[in-house]
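Worksheet for the structure shown next.
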Amino acid sequence: MKCALSVAGSDPIGGAGIQADIKAMASLGVHPQTVITAITAQNTMSVTSIMPVPCNMINDQFDSVLSDSDVRSVKTGMLYSSDIVKVVVDRLYDLTVPIVSDPVMIASVGDSLASDDLSRSIKNDLLPICDLITPNKFEAESISGIAIESEDDAMRACELMGKSGNSVYLKGGHINSTNVVDILYHGAEFKRFEYPRLERAGHGSGCTLSAYITANLAKGIDMVNSIVNARDMIQRSIASMYSVGKGDKLANSAVNIKQAYGSDDMTKEMEDKIDGLLKIIPGSWIPSVGMNIAYATSDARDAYDIAAVSGKILLVNGRPIRSGAVRFGAAEHISYMILAAMRTDKEMRAAMNIQYDEDLLNVMEEVGMIITDVDRNSYPDARLGELTAFAIEDLGMMPDVIFDAGTNKRGPMIRMLGKDLDDLREKIELII
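Every position in the sequence shown, counted from 1, becomes a number in this note's numbering once 58 is added.
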């Protein structure tokens with residue numbers, strides 16, 4: 059299980075801070091670990107008191123996590139004081155993993171979550187070791203030292219905050235505009251994100267966004283795609299906010315769990331249909347590494363929106379057997395193929411892998427399937443999703459089948475695409 063570490067404060071109402079990070083990371087299939095920097099007494103209306111955790115206790119928490127686990131990415135949230143910043147920087151300095159800083163200074167209810175010297179310490183000490191900082195308008199003004207009233211101001215602030223070589227994602231929710239415009243400063247270039255303005259972003263929305271990004275980075279997704287995916291998810295989190303108290307609503311940091319893991323009807327229906335397919339699929343089709351059959355939700359954005367067989371489909375006594383239940387996030391590899399196909403055709407949501415067989419490929423072609431190959435040797439470091447995109451682009455249309463003859467490190471494989479499991483069944487029946 060991939061792990062991500064959140065270094066932040068505790069929110070007893072459960073909408074922001076450590077609690078939001080845990081829900082957001084877990085919703086993406088990443089195990090959340092924590093170092094608590096401060097204990098707050100706050101709710102959806104106000105912050106009444108803050109107790110910083112002693113620096114030696116923060117150090118002890120770091121020791122416990124880092125000595126026992128392989129942390130893949132780190133997020134810092136509420137750090138409260140320059141003393142805590144220095145402890146955190148000292149512990150993160152030698153880590154060779156992506157570090158995301160959400161420079162929390164003010165709660166969504168408007169109360170301060172920082173001592174007077176925090177902004178200077180973030181700028182001088184924390185930014186130089188971070189890969190990304192995700193400030194809102196007020197935090198960016200404090201760190202950059204300039205007022206932000208327009209997109210031009212936002213871009214200038216990003217340049218100032220990114221002088222240490224880190225990327226900056228400046229959230230535009232508090233900037234006056236018809237739509238929300240966020241600015242990403244990455245590699246000395248700007249990328250603009252524009253989204254419809256929903257109701258006022260709820261308690262914990264900033265924490266949740268940075269936690270989504272951190273979880274994506276832990277899964278090995280590159281920085282830009284981690285941000286793009288996270289920004290789409292936070293839009294859904296804000297759109298599905300809910301109330302637990304008398305003040306601000308809470309951002310739904312577990313929205314991905316609601317969409318994917320909560321779809322029991324879909325997984326049960328998939329299991330029934332896959333079991334039906336296994337009654338007609340020849341045993342010779344099962345690769346030595348196992349077969350999987352996967353199906354995506356209509357608005358899938360990552361592998362955790364795609365359901366597949368946990369443990370794969372194996373050949374047992376000459377018969378294909380489903381070795382586990384159908385669950386979301388069970389097959390990242392083939393999921394990337396489906397996601398790449400959906401970028402060209404949103405209806406192409408199912409896929410399966412089949413043992414490589416030239417005679418089978420000839421039959422597929424004879425029955426009228428569109429087949430194409432991709433040469434893995436030409437793209438030795440490419441993932442299956444990238445190979446799929448290359449194959450579709452080279453062919454100029456959506457194929458039914460993409461195959462490759464393998465490399466020294468990877469065996470050959472046939473992969474079939476379909477709109478759904480019924481479409482896959484129709485194609486299988488054409489062949490057998």
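Where is the CB? At the ideal position from N, CA and C, for every residue including glycine. No experiment lies behind these values; they were computed from the predicted model shown.
Considering only residues of the same chain and omitting the five flanking positions on each side of residue i, which have a CB-CB separation below 6 Å?
i, result
"valine 143", "Leu137, Ser179, Asp183 and Leu184"
"serine 436", "none"
"glycine 73", "His261, Gly262 and Leu308"
"arginine 294", "Val313"
"aspartate 415", "none"
"threonine 106", "Ala99"
"tryptophan 343", "Ile412 and Gln413"
"valine 158", "Lys133, Leu190, Ser268, Ile271 and Thr272"
Any idea which residues DSSP pairs residue i with across the strands?
i, result
"lysine 133", "Ser64 and Val158"
"methionine 328", "Looking at the DSSP assignment, methionine 328 forms no beta bridge with any residue, so it has no partner."
"histidine 89", "Cys61"
"tyrosine 300", "Leu308"
"aspartate 462", "Met471"
"arginine 377", "Val374"
"alanine 96", "Pro110"
If we call anything under 8 Å between Cβ atoms a contact, is residue i one with residue j?
i, j, result
"leucine 256", "phenylalanine 248", "no"
"serine 368", "alanine 352", "no"
"aspartate 458", "isoleucine 486", "no"
"methionine 349", "lysine 326", "no"
"isoleucine 187", "valine 147", "yes"
"valine 239", "arginine 250", "yes"
"serine 235", "leucine 176", "no"
"isoleucine 392", "leucine 442", "yes"
"tyrosine 270", "methionine 299", "no"
"threonine 95", "valine 111", "yes"
"histidine 244", "valine 282", "yes"
"alanine 388", "alanine 358", "no"
"isoleucine 71", "glutamine 100", "yes"
"threonine 98", "glycine 67", "yes"
"arginine 483", "glycine 464", "no"
"alanine 82", "serine 311", "yes"
"glutamate 390", "alanine 361", "yes"
"glutamate 199", "methionine 163", "no"
"serine 202", "methionine 219", "yes"
"aspartate 462", "valine 421", "no"
"leucine 153", "proline 193", "no"
From which residue to which residue does the alpha helix (DSSP H) around residue i run?
i, result
"serine 202", "195-202"
"asparagine 114", "113-124"
"aspartate 211", "209-219"
"isoleucine 50", "In the structure as shown, the chain begins at 59 and stops at 490. Residue 50 is therefore absent and cannot be evaluated."
"threonine 178", "The sequence given here places arginine at residue 178; threonine does not occur at that position. That run of the alpha helix (DSSP H) goes 176-179."
"arginine 401", "390-402"
Between which two residues does the beta strand (DSSP E) carrying residue i extend?
i, result
"isoleucine 241", "238-244"
"serine 104", "Run containing serine 104: none; DSSP gives neither H nor E here."
"methionine 50", "The first residue shown for the chain is 59 and the last is 490, placing residue 50 beyond what the model contains."
"tyrosine 227", "225-228"
"threonine 430", "429-431"
"valine 367", "364-367"
"asparagine 411", "408-413"
"tyrosine 353", "351-354"
"arginine 359", "Run containing arginine 359: none; DSSP gives neither H nor E here."
"arginine 385", "384-386"
Using C-beta distances below 8 Å, list every residue in its chain close to residue i, excluding the 5 sequence neighbours before and after it, in chain order.
i, result
"glycine 320", "Confidence at glycine 320 is low in this model, with a pLDDT of 42, below 50, so the placement of that residue should be treated as unreliable; the coordinate-derived value is given next. Within the same chain, glycine 320 has no close Cβ partners at all."
"serine 356", "Lys404 and Arg407"
"valine 302", "Ile71, Gly72, Gly73, Thr102 and Leu308"
Apart from the five residues on each side of it in sequence, which residues of its chain come closer than 7 Å, Cβ to Cβ, to residue i?
i, result
"valine 155", "Val129, Arg130, Ser131 and Val132"
"lysine 331", "Leu479"
"alanine 288", "Leu267, Tyr270, Ile271 and Asn274"
"threonine 402", "Ile450 and Met456"
Alpha helix (DSSP H) runs wholly inside the segment 246-295, at least 4 long, in chain order: 263-276
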